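To start, the structure itself, in structure tokens.
Residue numbers (UniProt numbering): 1 to 487.
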């Protein structure tokens, strides 16, 4: 079987037979063989051709091949967003992330104004998943300004409800999007955020929405400010809740708050003043509130853990009743910090006595969460503080080592093995075994390392071989055959 036919075995054979040159171009991109794809372009390959419904320009972007991308443009490739909108949002993202703003401008200039606005809005989600937040904010203020002139509530409100793209929420808020704009149902981002804050949601989601409401106050510059806050957040004639006055005016406002209200929960954000002081990392306010009757709730701890406010945690520490207090999903503050990849907070919690060997309602341990994040430093911290190297949960049909193998992180695999991780926590149960997963998912350096580390019985080796033949990579099959196994 040739390399080319192997490469496209999963595709409809008609694509290869119909457009062999485009197929060769795709292989050349994958192999980064510049001579090959330049030769194809110099001969008969049309730079505006497609393969399996994908333009060559989009293909070059997907393979992160900037020289090929530029060559296609030089040979006359043009953008056709009306036909390939979804493909070209990824292409535009590639141009921006490659620090090639002229390529991005070329794409935008090829569209009429109506299509450009539609295109920019369609690009938002792609960009927010690939760009650092600061870069995304910069883009929204500059190249993406046209998108901000369009009604964004239809784009933003679904993310406010789901909490699936907090980076996009934060970036849109910081870039000055109109948070009072309404979607097709008549609901604005401010109204959506206010409603969602009344539900049980993840800590990062809650904090992003609180900041959205806080930013809305600052964007509008309405005087008198306190009257605006009262109408926006309470819809009553009562004075502005202390939480929002504190967010706006800082520590000095606490002295003007009635003592009995120092511990009240805000009806909109569901935060107490102590929670808000933690969010602001205001240790002076934390100490003041604790002296005046505030209590450290699980929510307070999880806000500190998610945001990485180590100074705030230390200020809270003398008043913490349960360092392992769980949220509505069964996460401890340590789990929350690990999920948010807050290395300093993880160390602080572990040093204070947080338990590393507990699991949440989804049967996930802190160690598994760190492996999922590919955070070598946090994995090391957890192991150094007594985390069990298997991090095993029968209900999840997996352990930390298998997760590291599947993710392809050799350094974490070595850490776990050196700490005593088992190759198969439940002997004789293939779903939990690590080597079959390696043959299916892992690069060869991990496979070779595991083979040199774990001894396998003849029965287990035959099981590995059967699974590799059914599900493994072609390299794994050839590797096992070379070792003398027979199918």
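Beta carbons: idealized from backbone N, C-alpha and C, even for Gly. Being a predicted model, the structure only gives us computed values, none of them experimental.
Does the ligand COA have even one heavy atom less than 8 Å from the beta-carbon of residue 34? The model on display carries no ligand, and the ligand COA is accordingly not part of it.
My output table needs one value for residue 265: the three-state DSSP class, helix, strand or coil. By 1-based counting over the chain shown, the position of residue 265 is 265. Note: residue 265 maps to strand in three-state DSSP.
Using the DSSP secondary-structure output, state which residues sit across from residue 54 in a beta bridge. Numbered from its first residue, the chain shown carries residue 54 at position 54. DSSP lists 51 as partners of residue 54.
To which residues of the same chain is residue 204 closer than 6 Å at the C-beta, ignoring the five residues directly before and after it? In the chain shown, counting from the first residue as 1, residue 204 sits at position 204. Closer than 6 Å at the Cβ level, and outside the excluded window around residue 204, lie 166, 306.
So, for residue 29: in the same chain, excluding its five sequence neighbours on each side, which residues have a beta-carbon less than 7 Å away from its beta-carbon? The residue labelled residue 29 in the question sits at position 29 within the chain shown. Excluding residues within five positions, the ones whose Cβ falls inside 7 Å are 37, 59, 60, 63, 65, 68.
Contact set for residue 434: own chain, Cβ-Cβ below 6 Å, skip 5 residues either direction: Taking the chain shown and counting its residues from 1, the one referred to as residue 434 is at position 434. Cβ neighbours of residue 434 beyond the five flanking positions: 401, 402, 405, 423.
Assuming residue 374 and residue 412 form a contact by the criterion Cβ under 8 Å, report the distance between their Cβ atoms to the nearest whole angstrom. As a first step, residue 374 is located in the chain shown; it is residue number 374 there, counting from the start. As a first step, residue 412 is located in the chain shown; it is residue number 412 there, counting from the start. At roughly 7 Å, the Cβ-Cβ gap stays under 8 Å, so residue 374 and residue 412 are in contact.
I'd like to know whether the C-beta atoms of residue 299 and residue 270 end up nearer to each other than 9 Å. Translated into the one-based positions of the chain shown, residue 299 becomes position 299. Translated into the one-based positions of the chain shown, residue 270 becomes position 270. Yes, the pair counts as a contact, with Cβ atoms nearer than the cut-off.
With H, G and I counted as helix, E and B as strand and the rest as coil, what does DSSP make of residue 272? Looking up residue 272 in the chain shown gives position 272. If DSSP states are grouped into helix, strand and coil, residue 272 belongs with the strands.
Looking at C-alpha atoms only, which residue of 135, 262, 337, 480 is the closest neighbour of residue 286? For the purposes of this step, residue 286 is identified with residue 286 of the chain shown, where counting begins at 1. Checked all of 135, 262, 337, 480; the closest Cα to residue 286 is 262.
Alpha carbon to alpha carbon, what distance is there between residue 178 and residue 188? Within the chain shown, numbered from 1, the residue matching residue 188 stands at position 188. Within the chain shown, numbered from 1, the residue matching residue 178 stands at position 178. Looking at the two C-alpha atoms, the distance is approximately 9 Å.
Let me know the secondary structure DSSP gives residue 185 once reduced to three states. Translated into the one-based positions of the chain shown, residue 185 becomes position 185. DSSP places residue 185 in coil when its eight states are reduced to three.
Give the straight-line distance between the Cα atoms of residue 280 and residue 352, rounded to the nearest whole angstrom. In the chain shown, residue 280 corresponds to position 280, counting from 1. In the chain shown, residue 352 corresponds to position 352, counting from 1. Taking the straight line joining both Cα atoms gives about 22 Å.
For residue 57 and residue 40, which I take to be in contact (beta-carbon distance under 8 Å), what is that distance rounded to the nearest angstrom? Within the chain shown, numbered from 1, the residue matching residue 57 stands at position 57. Within the chain shown, numbered from 1, the residue matching residue 40 stands at position 40. The Cβ separation is near 14 Å, so there is no contact.
Start and end residues, alpha helix (DSSP H) containing residue 407: The residue labelled residue 407 in the question sits at position 407 within the chain shown. Its alpha helix (DSSP H) spans residues 400 to 407.
Out of 266, 340, 346, which one is the CA nearest neighbour of residue 323? On the chain shown, position 323 is the one that residue 323 refers to. Minimum Cα distance to residue 323 is reached at 346.
Which of the three DSSP states, helix, strand or coil, is assigned to residue 458? For the purposes of this step, residue 458 is taken as the residue at position 458 of the chain shown. Looking at residue 458 - three-state DSSP - the assignment turns out to be helix.
Residue 359 to residue 183 span [Cα, whole Å]: Residue numbering aside, residue 359 sits at position 359 when the chain shown is read from its first letter. Residue numbering aside, residue 183 sits at position 183 when the chain shown is read from its first letter. One C-alpha to the other measures close to 40 Å.
To the nearest angstrom, how far is the alpha carbon of residue 391 from that of residue 357? As a first step, residue 391 must be located in the chain shown, where it is residue number 391. As a first step, residue 357 must be located in the chain shown, where it is residue number 357. Going by the C-alpha atoms only, they are around 8 Å apart.
Buried or exposed for residue 259, please, with buried defined as at least 16 other CB atoms from any protein chain shown within 10 angstroms of its CB. Locating residue 259 in the chain shown gives position 259, counting from the first residue. Counting Cβ neighbours within 10 Å, residue 259 comes out exposed, since fewer than 16 surround it.
Runs of alpha helix (DSSP H) lying entirely within the segment 292 to 326, each at least 4 residues, in chain order: 298 to 307, 310 to 316
Grab me the residues of residue 198's own chain with a C-beta within less than 6 Å of its C-beta, minus the 5 sequence neighbours each way, in chain order. Indexing the chain shown from 1 puts residue 198 at position 198. Nothing listed; no residue qualifies.
Which residues in the same chain have their Cβ closer than 6 Å to the Cβ of residue 22, if we skip the five residues on either side of it in sequence? Within the chain shown, numbered from 1, the residue matching residue 22 stands at position 22. Excluding sequence neighbours, residue 22 sits near 49, 51.
Please state whether DSSP places residue 152 in a helix, a strand or coil. Residue numbering aside, residue 152 sits at position 152 when the chain shown is read from its first letter. Here residue 152 sits in coil by DSSP.
Given that a residue counts as buried once 16 or more other Cβ atoms are within 10 Å of its Cβ, and exposed if not, what is residue 78? As a working note, residue 78 is residue 78 in the chain shown. Classification for residue 78: exposed.
Quick one: Cα of residue 234 to Cα of residue 267, how far? Position 234 of the chain shown, counting from 1, holds the residue named residue 234. Position 267 of the chain shown, counting from 1, holds the residue named residue 267. For residue 234, the predicted structure reports a pLDDT of 47, less than 50, and the residue's modelled location is therefore unreliable. A value from the coordinates is still provided. The alpha-carbon atoms of residue 234 and residue 267 are separated by roughly 8 Å.
Does DSSP put residue 63 in a helix, in a strand, or in coil? Against the chain shown, residue 63 aligns to sequence position 63. Note: residue 63 maps to coil in three-state DSSP.
Thinking C-alpha only, which one of 330, 193, 453 is nearest residue 363? Numbered from 1 along the chain shown, position 363 holds the residue referred to as residue 363. Out of 330, 193, 453, 330 has the C-alpha closest to the C-alpha of residue 363.
Taking 9 Å as the threshold (C-beta atoms), are residue 128 and residue 193 in contact? Against the chain shown, residue 193 aligns to sequence position 193. Against the chain shown, residue 128 aligns to sequence position 128. No, these two residues do not count as a Cβ contact at 9 Å.
Cut-off 6 Å between Cβ atoms - residues of its own chain near residue 304, not counting five sequence neighbours on either side: By 1-based counting over the chain shown, the position of residue 304 is 304. Excluding sequence neighbours, residue 304 sits near 278, 312, 313.
With a 10 Å radius around its C-beta and 16 neighbouring C-beta atoms as the bar for buried, classify residue 251 as buried or exposed. Sequence index remark: in the chain shown, residue 251 carries index 251 (1-based). By the 10 Å Cβ count, residue 251 comes out exposed.
Can you grab the Cα-Cα spacing for the pair residue 384 / residue 344, in whole Å? For this step, residue 384 is matched to residue 384 along the chain shown. For this step, residue 344 is matched to residue 344 along the chain shown. Near 14 Å, if we compare the C-alpha coordinates of residue 344 and residue 384.
Can you tell me whether residue 399 is buried or exposed, with buried defined as 16 or more other CB within 10 angstroms of its CB? For the purposes of this step, residue 399 is taken as the residue at position 399 of the chain shown. Looking at its Cβ environment, which holds 16 or more other Cβ atoms inside 10 Å, residue 399 is buried.
For residue 449 and residue 461, the rounded distance between their alpha carbons: The residue you call residue 461 lines up with position 461 of the chain shown. The residue you call residue 449 lines up with position 449 of the chain shown. Whole-angstrom Cα-Cα distance: 16 Å.
Give every residue of the same chain whose Cβ lies closer than 8 Å to the Cβ of residue 328, excluding the five residues on either side of it in the sequence, and list them in chain order. The residue labelled residue 328 in the question sits at position 328 within the chain shown. Excluding sequence neighbours, residue 328 sits near 200.
Enclosing alpha helix (DSSP H) for residue 448 [first to last residue]: By 1-based counting over the chain shown, the position of residue 448 is 448. Unbroken alpha helix (DSSP H) run through residue 448: 444 to 451.
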